[in-house]
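A.B. asks: Numbering-wise (the numbering used here), the sequence shown opens with residue 42 and increments by one.
Input: one structure, supplied below.
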Amino acid sequence: MTTIAFFGATGGCSNACLTYTLLNGYNARALARTPAKLTALLLSQPGITPEILSRQLEIIEGDATDIESITNTLITNSNPESAANGACTLVTSIISGLGGAPTMSFTKESKCGTIQMRMPALPHIQLSNPHITEQTTRTLLAALAKIASERFASFEAYRQVAPRVTVISTTGHLPGNKDVPFWFRPMYSVLLPIPHADKLQMEKLLDKEVGLGHAGVLAAGVVVVRPSFLTGDHRVPVCQGDEGGERPGLEKVRVGTERDPAIGYTISRALVGEWIFEEIVKSGGGRWVGEKVTITT
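What follows is the structure, encoded as structure tokens:
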């Protein structure tokens with residue numbers, strides 16, 4: 042049975058993807074520090090009911106920097122003896138939209154001798170934890186390695202059922218921000234270097250693990266989704282064009298890769314979630330494995 046694991050599901054893109062996943066009848070597991078917050082966000086989505094949540098979603102309370110929390114989210118059966126050959130049953134796929142909470146800052150840290158102080162600076166985005174994406178990626182890889190070594194008779198047995206990993210990153214990683222419209226490049230350079238640095242470290246960790254080949258834990262492959270500048274909140278539309286205006290649908294999404302990026306200004310969080318559902322959850326994501334996919338409208 043297909044079961045999708047979600048990390049960072051209180052974020053807009055992941056919450057929208059989880060919503061589409063549940064509305065289309067799939068089972069899901071989501072790690073959340075505050076389950077009540079995730080439940081409230083989902084119930085605010087059109088079509089999501091308490092019955093759907095009770096039937097299709099299991100929320101695991103915990104932290105994505107904790108190996109045990111991630112392990113509990115990835116393993117779907119609590120009794121290993123219930124699975125073939127005594128091995129544990131894993132989720133089919135992992136969707137991660139983890140990231141730090143952003144705030145606007147007009148100062149930066151500066152050291153004057155032995156005194157640390159904050160100095161005026163150009164407006165830029167600070168994160169509650171500027172290394173959260175890097176930390177949680179390290180924890181995910183460690184959890185997969187632990188599962189492979191402790192819960193399977195051999196690494197080959199693990200590789201046969203290893204989940205595919207999809208992460209939400211950002212545009213702006215190419216040299217000179219060449220995957221960003223020209224008029225947006227100054228904003229990306231000044232406003233977003235801190236969150237972008239964290240996402241880039243996530244990508245480097247995944248690239249390094251993929252580079253290990255058969256010795257790595259990412260046996261089913263990785264898909265990196267790089268949306269353009271995000272707009273809107275977590276809520277998915279009731280229908281196309283509702284509430285007084287045409288909403289861009291998937292037919293308006295332009296898709297590229299790192300070799301030939303799709304360059305655009307913005308894309309809504311709900312549309313990112315819908316694209317990931319259609320291409321990764323519903324279609325399996327095979328065509329995008331190994332790619333850094335840029336999506337924009």
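Glycine residues also receive a C-beta, built at the ideal position from the N, C-alpha and C atoms.
Counting along the chain, where does the alpha helix (DSSP H) carrying Ser85 start and finish?
C.D. replies: Premise fails: Ser85 is in no alpha helix (DSSP H) and is neither H nor E.
A.B. asks: Out of curiosity, what's the CA-to-CA distance linking Leu233 and Ile166?
C.D. replies: If you take the alpha carbons of Leu233 and Ile166, they lie about 6 angstroms apart.
A.B. asks: Work out the CA separation of Asp104 and Thr130 for me, nearest whole Å.
C.D. replies: Going from the Cα of Thr130 to the Cα of Asp104 covers about 21 angstroms.
A.B. asks: Roughly how many angstroms separate the alpha carbons of Thr177 and Glu197, rounded to a whole number?
C.D. replies: So the two alpha carbons sit approximately 25 angstroms from each other.
A.B. asks: Tyr199 to Ser134, Cα distance in whole Å?
C.D. replies: So the alpha carbons of these two residues sit roughly 14 angstroms apart.
A.B. asks: Which term fits Ala125, buried or exposed, when burial requires 16 or more other beta carbons within 10 angstroms of its beta carbon?
C.D. replies: Reliability of the predicted coordinates at Ala125 is poor, the pLDDT of 48 falling under 50, and no value is obtained from them.
A.B. asks: Could you give the C-beta distance for Leu271 and Gly138, rounded to a whole number, given that I count them as a contact under 8 angstroms?
C.D. replies: Going by Cβ atoms, the distance from Leu271 to Gly138 rounds to 10 angstroms, so no, they are not a contact pair.
A.B. asks: Express the C-alpha separation of Ala260 and Glu254 in angstroms, rounding to a whole number.
C.D. replies: According to the sequence as given, residue 254 is Gly; it is not Glu. Between Gly254 and Ala260, the C-alpha separation is close to 8 angstroms.
A.B. asks: Quick one: what's got a C-beta closer than 6 angstroms to Gly141's C-beta in the same chain, skipping five residues either side?
C.D. replies: Within the same chain, Gly141 has close Cβ partners Leu168, Ser169, Asn170 and Ile173.
A.B. asks: Please tell me whether Glu319 and Val264 are closer than 8 angstroms, where the distance is taken between their beta carbons.
C.D. replies: Not closer than 8 angstroms, so no.
A.B. asks: Give the straight-line distance between the Cα atoms of Ile89 and Ile100, rounded to the nearest whole angstrom.
C.D. replies: Their Cα atoms are separated by approximately 15 angstroms.
A.B. asks: To the nearest angstrom, how far is the alpha carbon of Glu287 from that of Arg192?
C.D. replies: The predicted position of Glu287 is uncertain, since its pLDDT is 46 and thus under 50; no value can be drawn from it.
A.B. asks: Quick one: residues in its chain with C-beta nearer than 7 angstroms to the C-beta of Asp274, no 5 flanking neighbours on either side, listed in chain order?
C.D. replies: Gly53 and Arg310, listed in sequence order.
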